[in-house]
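To start, the structure under review is shown below, and the notes come after it.
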Amino acid sequence: MKRQIPLIITFSVGALLVLAMFIPHDPFAAANDELSVWFDIIASFAFILGGGNLLRIHGDKIYRRRRDWPYSIVTLGGFLLMLGAGLWSGAVSRGNAMAPGSLFQALYVAAYAPMMSTMYSLLAFFVASASYRAFRAKTREATVLLLAAFVILVGRTPVGYHLTSWIPQPFEFLEIPNLFGWILAYPNTAGQRAIMIGIALGIISTSLRLILGIERSHLGGD
Amino acid sequence: MLRVVSTVLIVLLAPAAQAFADPPSPPPEIRAADTPHDRGRSVDLSWSPSASEESGGVTRYVVQRAVDRPEEFHAVVTLPAGSRAYTDTSVRDGVSYFYRVRAVGPAGESESASAGPVRASQQWFNPRKSNLLVIAAVLIGGISWFIFQASKGRRLYIRKIAGIEAIDEAVGRATEMGKPVLFIPGIEDMDNVQTVAGLSILGNVAQLVARYETRLEVPTRRSLVMSVARETIKEAYLKVGRPDLYNDAMVYYITDEQFAFVAAVDGIVVREKPAACFYMGAFFAESLILAETGNSVGAIQVAGTAMPTQLPFFVAACDYTLIGEELFAASAYLSNDQKMLGSLKGQDVGKAIAAGFILLGVALQTAASASGNGALVNAARWVSSLFRINP
Amino acid sequence: MSLLDRMKRIDRRILFLLMAAGVAIPLLFRPTLTVHPSPIVSRVFDKIESLPEGSKILMSFDYGPSTVPENQPMAEAIARHVLRRRLKLYMVSAWTTGQAQADLLIESVMRTDFTDRVYGEDWVHLGYKAGNQGMINAIFGAMRNLYTTDAAGTNVDAIPMMRDVQSLRDMDLIVDIASGFPGVKEWIQFAGDPGNIPVAGGVTAVEALLLYPYYPRQLLGLMGGLQGAAEYEAALVAKYPEYRDDSKALQIMGPQYVAHLLIVVFILIGNATYFAERRRQKRGRIAGGRS
Chain B
1 MKRQIPLIIT FSVGALLVLA MFIPHDPFAA ANDELSVWFD IIASFAFILG
51 GGNLLRIHGD KIYRRRRDWP YSIVTLGGFL LMLGAGLWSG AVSRGNAMAP
101 GSLFQALYVA AYAPMMSTMY SLLAFFVASA SYRAFRAKTR EATVLLLAAF
151 VILVGRTPVG YHLTSWIPQP FEFLEIPNLF GWILAYPNTA GQRAIMIGIA
201 LGIISTSLRL ILGIERSHLG GD
Chain Y
223 MLRVVSTVLI VLLAPAAQAF ADPPSPPPEI RAADTPHDRG RSVDLSWSPS
273 ASEESGGVTR YVVQRAVDRP EEFHAVVTLP AGSRAYTDTS VRDGVSYFYR
323 VRAVGPAGES ESASAGPVRA SQQWFNPRKS NLLVIAAVLI GGISWFIFQA
373 SKGRRLYIRK IAGIEAIDEA VGRATEMGKP VLFIPGIEDM DNVQTVAGLS
423 ILGNVAQLVA RYETRLEVPT RRSLVMSVAR ETIKEAYLKV GRPDLYNDAM
473 VYYITDEQFA FVAAVDGIVV REKPAACFYM GAFFAESLIL AETGNSVGAI
523 QVAGTAMPTQ LPFFVAACDY TLIGEELFAA SAYLSNDQKM LGSLKGQDVG
573 KAIAAGFILL GVALQTAASA SGNGALVNAA RWVSSLFRIN P
Chain V
614 MSLLDRMKRI DRRILFLLMA AGVAIPLLFR PTLTVHPSPI VSRVFDKIES
664 LPEGSKILMS FDYGPSTVPE NQPMAEAIAR HVLRRRLKLY MVSAWTTGQA
714 QADLLIESVM RTDFTDRVYG EDWVHLGYKA GNQGMINAIF GAMRNLYTTD
764 AAGTNVDAIP MMRDVQSLRD MDLIVDIASG FPGVKEWIQF AGDPGNIPVA
814 GGVTAVEALL LYPYYPRQLL GLMGGLQGAA EYEAALVAKY PEYRDDSKAL
864 QIMGPQYVAH LLIVVFILIG NATYFAERRR QKRGRIAGGR S
């Protein structure tokens, strides 16, 4: 029974939403809207679930002095500080926690934003190490990819322009900026589309398996 | 004397003054109809331009509406000159409405005939999506047919997917080294199919982990995913007869904030040094940050995602990558369940149809532009219209 | 240890250090570079340039602080262009963090360069609404069902420029500045396509590749990454030279160029060591075979 109920819910909701795609009439249209709102409501409860779990796991870690417990103090401190600042600023300025000059806005601008940018900018370093280690002309296909990458990288800089600006008019298409545009507009788009079609079919097939109750691995297998 | 002067002036200036002295002429025709193929609460209006528009005598149009009787009109919206149509989405279903469209110029406002009554209503079918319905029916039919065939016991051949074969090896190595296995089911919520696919793979990985008695770490970015992942792992441990090894602490929520989540996972990787890392689900810019950190501690890494932009990063930094549809196929492949494998075969039917139409479209389009033949041009246009929702 | 071995086992931190220097040094000198707008960017510029005064532009802020260096210059350039041309700017956001980015943009654009433009008549900040693509779908049908107030809590009926806006169909152009999901793709799927509203995008360089399949029929034009932002700024400065000093992307293009070239160099060295290594192995095998 514990297995049956989720499967029945999945089947009926899945089938209903597929039908709603083609039937703009109520009750299908209304169900479509209603169910999206339900997901949002469940997701907001999930915030309490998540916050509770965070408090429990890290509280437990600090209490039992488990390995690396000082990090947990930082985690909980950051969590409670932002939560408190958000609630306080929201209360002071009628619901708008981001009102200019509020405590939450100050923390957002001075701490949160730069920390997020820092993590994102790590990408530059990891692209550097990955390109040094992994981007090699091991096979014929890899060589083609490498050449394309070269054109794209150089094509984005003025060097690309100066490197090939001497090419005479009839062979203009060989200039790196033109090759750059061509690679993005044709081979890239063709590849993206092929992957997108494959993915779309994969999604349909997985959704169908879920709706029909054949796919149960996420419920712990059969 | 004054009269003479004014007459002369009027005669001289009449053509120019006309445009400014008189209010603009009304739009000659106004049409109002229920918006077709929709879910109601919408009326489409269109009108022919006022004759004064060309001479600059119209600056805007005012759409007015009345309920039940063509009197007591109220303005709904003001539109700039040049507008020819408007969709009124502030109506109720089943109520009779009348509409007027008045042209407004420097010299005042025109009269307007009224259109109506018109009632907004919901329709039972959206014929604009009939092509979509046919495509969906063919795909669902094809997939279902193969599932049915498989359930009758027909053996189906599925090609080997190297990334999936490697899962066993990776978990085995973690066991030998006495290090944990890290599994990240993407960073999106349960409403993304990729997350479900990732959790399905997690179910299979968890069975291996339980059998080998290895440690499993599953940090999540969404608390709903955390709850589902716990159920998945618990059931998997139960299935291989090791419920004693399961505990809730292997799955934990970190934060919804993308890069804070990445920072936390990187910290876990650097401290715990897992021997195997699995990244299965939807990923964004964090893909390379995670995979390079995993690489730096020497873990075997298997990734799978249907995010085309992140695939190159995973391919560069991981040992194996499940590309796009392989992510969705993985769970079927791992389970070795015939019905699941049947659904993969059904997918191939869809692929064959797509490839066929692409070839046909390319051939027709090429032939049409090379020859300029009217019939070919129309045929090419027709084929491409089959796959458009908005004609 | 031979040079080859040393190159093979190079500490990744040395690569990181080189990258840091490659970005930091040009940042100090700020070289001035010439950038030419490509057609995919020019189409966005030309569209905004050609719209009649008073046209309505919806701008969605779908990004967060992490991608500010790429996204904020685009957003600012678009906002400047729209206000300069006296078009009406409607700002919304499908990302929680987007609202804060819009607030920052108001400080740096509206409150500095366009103090004469009136809130509620020339521009309005409607703020964030939850629901991802569902939010786009909802305001496509009826804007006021979801946006009953602006970001500050003022009733939309009291905002003059909201009076003739019923749904997204009333917009003349949608510009989405985005860095993921929901983003440009969702604005095309749920608003641009069904409503025949032109959609233009400004996204991170990585995300841009994903959007090329939609160009040029479903997607009017696209600014991809810092380069796209710089190209838009270049087009803007060419027409309105007074914005030269505000062009953030143009000013930080130098470090990006150096970083790109550095990565090319890394790939070349990586491949050189790989081929040298392979040759050594081959030679070793031949030598081993003889003995």
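Residue numbers (the numbering used here), protein chains in the order written: chain B, 1 to 222; chain Y, 223 to 613; chain V, 614 to 904. We put the CB at the ideal spot given by N, CA and C, even for glycine.
Per DSSP, which one or two residues make a beta bridge with residue i?
i	result
aspartate 266(Y)	Ala255(Y) and Thr309(Y)
leucine 544(Y)	Gly526(Y)
alanine 288(Y)	Phe320(Y)
arginine 261(Y)	Gln344(Y)
histidine 649(V)	Per DSSP, none; premise fails for histidine 649(V).
Return the CA-CA distance between residue i and residue j, expressed in angstroms with no decimal places.
i	j	result
leucine 267(Y)	aspartate 783(V)	13 Å
arginine 284(Y)	proline 807(V)	The residue you asked about is not arginine; residue 284(Y) is valine in the sequence shown. Computed Cα separation, rounded: 25 Å.
proline 678(V)	isoleucine 575(Y)	43 Å
serine 673(V)	valine 298(Y)	26 Å
alanine 128(B)	arginine 94(B)	47 Å
lysine 495(Y)	alanine 392(Y)	14 Å
alanine 170(B)	alanine 396(Y)	First, the residue type needs correcting, since residue 170(B) is proline and not alanine in the sequence shown. If you take the alpha carbons of proline 170(B) and alanine 396(Y), they lie about 59 Å apart.
arginine 444(Y)	threonine 477(Y)	7 Å
leucine 122(B)	alanine 130(B)	12 Å
tryptophan 166(B)	valine 681(V)	37 Å
methionine 774(V)	proline 246(Y)	25 Å
isoleucine 880(V)	isoleucine 623(V)	14 Å
alanine 818(V)	proline 534(Y)	14 Å
glutamine 587(Y)	threonine 645(V)	46 Å
proline 811(V)	glycine 181(B)	23 Å
methionine 632(V)	isoleucine 638(V)	10 Å
glutamine 840(V)	glycine 867(V)	11 Å
tyrosine 319(Y)	leucine 549(Y)	53 Å
asparagine 768(V)	glutamine 779(V)	15 Å
leucine 759(V)	isoleucine 752(V)	7 Å
Quick one: what's got a C-beta closer than 6 Å to residue i's C-beta in the same chain, skipping five residues either side?
i	result
glycine 503(Y)	Pro407, Gly408, Gln416, Thr417 and Gly420
glycine 213(B)	Leu7
alanine 239(Y)	A caution first: alanine 239(Y) carries a pLDDT of 49, below 50, which makes its placement in the model unreliable, though a value can still be read off. For alanine 239(Y), where only same-chain residues beyond five positions count, there are no Cβ hits under 6 Å.
leucine 404(Y)	Glu439, Pro496 and Cys499
lysine 861(V)	Pro686
tyrosine 703(V)	Leu671 and Val737
Check the C-beta distance from residue i over to residue j and give it rounded, since I have them as a contact under 8 Å.
i	j	result
glycine 635(V)	alanine 872(V)	6 Å
glutamine 560(Y)	serine 373(Y)	7 Å
alanine 552(Y)	serine 565(Y)	That belief does not hold up - the Cβ atoms of alanine 552(Y) and serine 565(Y) are roughly 13 Å apart, past 8 Å.
leucine 833(V)	alanine 821(V)	Rounded, the Cβ-Cβ distance is 14 Å, inconsistent with contact.
glutamate 514(Y)	phenylalanine 126(B)	4 Å
alanine 20(B)	glutamine 344(Y)	So it is not a contact: roughly 12 Å between Cβ atoms.
serine 272(Y)	proline 248(Y)	6 Å
leucine 781(V)	methionine 756(V)	7 Å
alanine 791(V)	tyrosine 676(V)	6 Å
Kindly list the residues whose CB is nearer than 7 Å to the CB of residue i, restricted to its own chain and excluding five residues on each side of it in sequence; keep chain order.
i	result
proline 349(Y)	His259
aspartate 68(B)	none
glutamine 429(Y)	Ala458, Lys461 and Val462
glycine 516(Y)	Val491, Cys499 and Gln523
aspartate 726(V)	Arg693
alanine 690(V)	Ala842, Tyr845, Glu846 and Leu849
alanine 521(Y)	Pro496, Ala497, Ala498 and Cys499
aspartate 256(Y)	Val265, Val340, Arg341, Ala342 and Ser343
leucine 446(Y)	Asp411 and Met412
Does the beta carbon of residue i fall short of 6 Å from some heavy atom of the ligand SAH?
i	result
glycine 181(B)	The ligand SAH is not part of the structure shown, which contains no ligands of any sort.
Whose C-beta lies closer than 8 Å to the C-beta of residue i among residues of the same chain, with five residues either side of it excluded?
i	result
glutamine 105(B)	Ser89, Ala97, Met98 and Ala99
serine 904(V)	Here the model assigns serine 904(V) a pLDDT of 43, short of 50, so the residue's position is not dependable and the matter cannot be decided.
Original post:
Which residues, taken in chain order from the segment 754-779 of chain V, show a beta carbon closer than 7 Å to some beta carbon of chain Y?
Top reply: Gly754, Ala755, Asp777 and Gln779
Original post:
Between the segment 807-826 of chain V and chain Y, which residues of the former have a C-beta closer than 8 Å to a C-beta of the latter?
Top reply: Pro807, Asn809, Thr817, Val819, Glu820, Leu822 and Leu823
Subject >> chain V contacts made by the segment 526-547 of chain Y, where a contact means CB separation under 7 Å >> reply: Pro530 and Thr531
Original post:
For the segment 415-441 of chain Y, which residues have a CB atom closer than 7 Å to at least one CB atom of chain B, in sequence order?
Top reply: Listed by position, the residues of the segment 415-441 of chain Y near chain B (Cβ gap below 7 Å) are Val415, Val418, Ala419, Leu421, Ser422, Gly425 and Asn426.
Original post:
In the segment 468-483 of chain Y, which residues sit with their C-beta less than 8 Å from some C-beta in chain V, listed in chain order?
Top reply: Gln480 and Phe481
**OP:** With 9 Å as the limit, tell me which residues of the segment 347-370 of chain Y have their beta carbon closer than that to any beta carbon of chain B; keep them in chain order.
**Re:** Phe347, Asn348, Lys351, Ser352, Leu354, Leu355, Ala358, Leu361, Ile362, Ile365, Ser366 and Ile369
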